[in-house]
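The sequence shown begins at 5 in this note's numbering and counts up by one. All C-beta atoms in this analysis are idealised placements derived from N, C-alpha and C, irrespective of residue type, glycine included. Read through the structure below, which is laid out as structure tokens, and then see the notes.
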Amino acid sequence: YGLASGLFTADLSRTIRLARKLEAGTVWVNRYSRSRDHILPTGGYKRSGIGKDLGREAYLANRRTKSVLISL
């Protein structure tokens, strides 16, 4: 499944590389919790749900997007 994932690291360049490779709808970096930002799309990759909810992506069902949240 590929709904969400989390990374804990201080290496920003490695974080960006890994976030691009992860097949997950949401990638949290240095935190792991629900986002309160209702503009960000939610939904997973692979067998984690159908399509996206919220945001512009809800209308663009054939795109594979992900949200990467980084606390520095």
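| query | What's the gap between the Cα of Phe12 and the Cα of Arg18? | reply | As a first step, residue 12 is located in the sequence shown; it is residue number 8 there, counting from the start. As a first step, residue 18 is located in the sequence shown; it is residue number 14 there, counting from the start. The straight-line gap from Cα to Cα measures roughly 11 Å.
| query | Ordered along the chain, which non-local residues of its own chain (more than five positions away) have a Cβ less than 7 Å from that of Leu22? | reply | On the sequence shown, residue 22 is found 18 positions in, with the first residue counted as 1. Within the same chain, Leu22 has close Cβ partners Leu11.
| query | With distances taken from CA atoms, which of Leu26, Ser9, Lys25 is nearest Ser37? | reply | For the purposes of this step, residue 37 is taken as the residue at position 33 of the sequence shown. Answer by Cα proximity: Ser9.
| request: Just tell me which of Ile20, Ser71, Ser75 has its CA closest to the CA of Gly29. | output: Against the sequence shown, residue 29 aligns to sequence position 25. Of the candidates Ile20, Ser71, Ser75, the residue whose Cα lies closest to the Cα of Gly29 is Ser71.
| Going by the CB atoms, is the gap between Arg24 and Ser75 shorter than 8 Å? | Along the sequence shown, one-based indexing puts residue 75 at 71. Along the sequence shown, one-based indexing puts residue 24 at 20. No, Cβ-Cβ distance for Ser75 and Arg24 is not below 8 Å.
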